[in-house]
Amino acid sequence: MVRIVAFLLAVGMLATGCFAGSATNGDGRLRVVLPFPPAQAMSPWGDDALLLTRLGIAEPLVELDAGGKPVPGLAESWTRVDATTWRFRVRSGVKFHDGTTLTTQHVVDALTKAASASPVPRAVKGLGLTVKADGDRDVVVATTKPDAMLPQRLSSPNLVILAGSAGTGPFALKSLQGKDSAVLDAFAQHWAGAPQASGVDVRFVPDGTARAAALRAGEADVVHALPVAAAASLDARQLLEVPLPRTVSLHLNTSKPPFADAGLRAAARSTVDPGALAQGVYEGRADVARGIYGPASPWAGQRTINHPTAPATPSGQKIVLATYGDRAELPEVASVIAEALRAKGFVVEQVVREYSLLEPDLLAGKFDAVVSTRSYLLDTGDPFTYLATDMTCGGSYNLARLCDPAVDAAVGQGEDPLKVEAAVLATDALVPLVHERARIGVASGVTEVASDSFERHLITKATRRS
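Going left to right, the sequence shown walks through residues -20 to -1, 1 to 446 as mature numbering (1 follows the signal peptide of the UniProt record, and there is no 0) numbers them.
So this is what it looks like as structure tokens:
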């Protein structure tokens, strides 16, 4: 796998230096604090891709507007040639951070590498994606089966276009200090114009209380994922709150005892009180989950979820309940659920780690239950990619290890997402708890921070500090 840092080292673009000395008041640089450090050295083909787009380092062919509709990015237009083929016109005059001019071959190379990565990015998994250049301006993208959502899929942060590993965004990565900090400089040759800020200095701080403290102390201009407890103490002008298509859920591992037993899954589900979590842990700054889809998706409307399996009576079954502390509320949610499970008759051991340390065991199915948060619209702006990766037998992020023929059939046939939701929740493998809101701390004088419900963008070329 080509990694962005390795490439930048090779071309001499990385500098030494540290965050503490790189940003001073009045120099036009933005000081940004984020919760999640890079887990794969800024590789575009894993979760680090979100850092590339949130910080304005790299860009995909297509972007999504606030309603989830595809809009031009590095592709200025596109047309559907036939049921399985699309033609994208590449924007002219785009420069990469290493000075290279964007060509159709860069697009072919980037998308082909992504489609053959291991694991394949969720947005294009199973598509049989092929890409070829057609002249100097057009690329032709084909799939093995008809796919009306292909433009939305190409908006995924995993499909950013790189020259080797140099991006095209308004900010160029200059240094990455492991999991501690990063330094970005403004890229004056950006195709849409020079950014307003002269650079971005980033710290990765998993502890939510410490992130909030940085904002209050005047040591940060933008802080992502503020804890609920910190929000109440901020001036309303310092808090940007955005309803998200993101659900905190309890995943029950169906591949081994005790939650291979549907009755015990039903018992665990029946112990949970989402309303108490929304009002207690989240202090009213989250919405009670009635299902997978929340208020950020008004098309879901009001619906009733049926649970056909009667709860069994637990009798001392031991379970390991895991979560991560990078999002401050999750350990508290897990503690509340653990107490409820103990009261029901389970014996519960809790595990809390940073996400980057927990992820390998999550994906390996080593835990009996997991409290996690996921965006169900993250990859494509529609829920089917999420449903396929998180809820089907072959899903690459199936924390519940769910393998149910009815669910697989509903996802595979592209049925109404509400019908798929009903099939998933009928298994009691997933217990939706609350729908989150983005809480972004913004210092006085900082403007144009992105309020993106898809959580792909945070710092843009327009973000500035006066």
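We treat Cβ as the ideally placed atom computed from N, Cα and C, and that holds for glycine. Computed from a prediction, not measured in an experiment: that's the story for all the values here.
Integer Cβ distance of residue i from residue j, believed to fall under 8 Å
{"i": "G147", "j": "E39", "result": "7 Å"}
{"i": "V222", "j": "R417", "result": "6 Å"}
{"i": "T303", "j": "A314", "result": "4 Å"}
{"i": "A143", "j": "H86", "result": "5 Å"}
{"i": "L32", "j": "M22", "result": "7 Å"}
{"i": "G243", "j": "A323", "result": "With 8 Å as the limit, G243 and A323 do not qualify as a contact, their Cβ atoms being about 18 Å apart."}
{"i": "L54", "j": "V70", "result": "7 Å"}
{"i": "W66", "j": "L130", "result": "5 Å"}
{"i": "P50", "j": "Q132", "result": "5 Å"}
{"i": "P18", "j": "L109", "result": "With 8 Å as the limit, P18 and L109 do not qualify as a contact, their Cβ atoms being about 26 Å apart."}
{"i": "L220", "j": "I141", "result": "Going by Cβ atoms, the distance from L220 to I141 rounds to 29 Å, so no, they are not a contact pair."}
{"i": "T64", "j": "A122", "result": "6 Å"}
Residue i to residue j span [Cα, whole Å]
{"i": "I420", "j": "R444", "result": "15 Å"}
{"i": "A285", "j": "E401", "result": "For the sequence presented, residue 285 should be read as Ile rather than Ala. Approximately 9 Å, taken between the alpha carbons."}
{"i": "A90", "j": "D78", "result": "16 Å"}
{"i": "T234", "j": "L301", "result": "14 Å"}
{"i": "L206", "j": "E263", "result": "13 Å"}
{"i": "P52", "j": "V316", "result": "45 Å"}
{"i": "A390", "j": "Q169", "result": "47 Å"}
{"i": "V426", "j": "S161", "result": "21 Å"}
{"i": "Q259", "j": "L134", "result": "38 Å"}
{"i": "C373", "j": "L195", "result": "43 Å"}
{"i": "residue 448", "j": "L413", "result": "An answer regarding residue 448 cannot be provided, because it is not within the stretch -20 to 446 covered by the chain."}
{"i": "D388", "j": "T124", "result": "19 Å"}
{"i": "V332", "j": "L338", "result": "8 Å"}
{"i": "L343", "j": "R183", "result": "27 Å"}
{"i": "R249", "j": "E56", "result": "47 Å"}
{"i": "A212", "j": "Q20", "result": "34 Å"}
{"i": "T189", "j": "V261", "result": "15 Å"}
{"i": "W279", "j": "L82", "result": "38 Å"}
{"i": "L371", "j": "A97", "result": "One point to set straight first is that residue 371 is Met, not Leu, in the sequence displayed. Those two C-alpha atoms are separated by around 21 Å."}
{"i": "G345", "j": "R34", "result": "29 Å"}
{"i": "A172", "j": "H415", "result": "35 Å"}
{"i": "D253", "j": "A210", "result": "24 Å"}
{"i": "A94", "j": "G26", "result": "10 Å"}
{"i": "I272", "j": "A308", "result": "21 Å"}
{"i": "E428", "j": "S446", "result": "11 Å"}
{"i": "A46", "j": "F68", "result": "22 Å"}
{"i": "G274", "j": "T80", "result": "43 Å"}
{"i": "L257", "j": "D341", "result": "26 Å"}
{"i": "G394", "j": "F239", "result": "28 Å"}
Neighbourhood of residue i by C-beta distance below 6 Å, restricted to the same chain and skipping five residues each side
{"i": "P175", "result": "P150, A166 and K441"}
{"i": "A3", "result": "Note that A3 has pLDDT 43, beneath the 50 cutoff, so the model's placement of it is unreliable and the number below is only indicative. Excluding positions up to five away in sequence, the list reads R9, R11 and D181."}
{"i": "G48", "result": "G361"}
{"i": "G158", "result": "none"}
{"i": "A430", "result": "H437, L438 and T440"}
{"i": "E312", "result": "V261"}
{"i": "E336", "result": "According to the sequence provided, residue 336 is Ser. The question's Glu does not apply to it. If we look at S336 and ignore the five residues flanking it on each side, its Cβ neighbours are A19."}
Sequence-distant residues of its chain with Cβ nearer than 7 Å to residue i (five each side left out)
{"i": "F326", "result": "P294, Q297 and I299"}
Beta-carbon spacing of residue i, residue j below 8 Å
{"i": "A403", "j": "A386", "result": "yes"}
{"i": "residue 447", "j": "V202", "result": "Beyond the ends of the chain as shown, which are -20 and 446, falls residue 447; an answer cannot be given."}
{"i": "T92", "j": "R117", "result": "no"}
{"i": "P225", "j": "A276", "result": "yes"}
{"i": "A103", "j": "N138", "result": "yes"}
{"i": "L310", "j": "T353", "result": "yes"}
{"i": "L382", "j": "A409", "result": "yes"}
{"i": "V120", "j": "D127", "result": "no"}
{"i": "F364", "j": "P397", "result": "yes"}
{"i": "R384", "j": "T407", "result": "In the sequence on display, residue 384 carries Asp and not Arg. Their beta carbons are under 8 Å apart, which means D384 touches T407 by this criterion."}
{"i": "A349", "j": "L232", "result": "yes"}
{"i": "V88", "j": "V111", "result": "yes"}
{"i": "S376", "j": "K105", "result": "yes"}
{"i": "Q218", "j": "A423", "result": "yes"}
{"i": "S136", "j": "D359", "result": "yes"}
{"i": "D306", "j": "E334", "result": "yes"}
{"i": "R265", "j": "V208", "result": "yes"}
{"i": "L230", "j": "V74", "result": "no"}
{"i": "A246", "j": "H287", "result": "yes"}
Contacting residues, own chain, Cβ-Cβ under 8 Å from residue i (five flanking each side not counted)
{"i": "G255", "result": "V268"}
{"i": "D241", "result": "A292"}
{"i": "A200", "result": "R11, V12, V13, R183, R191, A194, G421 and A423"}
{"i": "T251", "result": "I317, A320, L321, A323 and K324"}
Bridge-paired residues (DSSP) for residue i
{"i": "F184", "result": "L14"}
{"i": "H415", "result": "T227 and D267"}
{"i": "Y366", "result": "Its beta-bridge partners do not exist; DSSP assigns none."}
{"i": "K112", "result": "V120"}
{"i": "P52", "result": "V42"}
{"i": "F68", "result": "W58 and V119"}
Residue i Cβ short of 7 Å to the ligand ADP heavy atom set
{"i": "A302", "result": "Although the ligand ADP was asked about, the structure shown includes no ligands whatsoever."}
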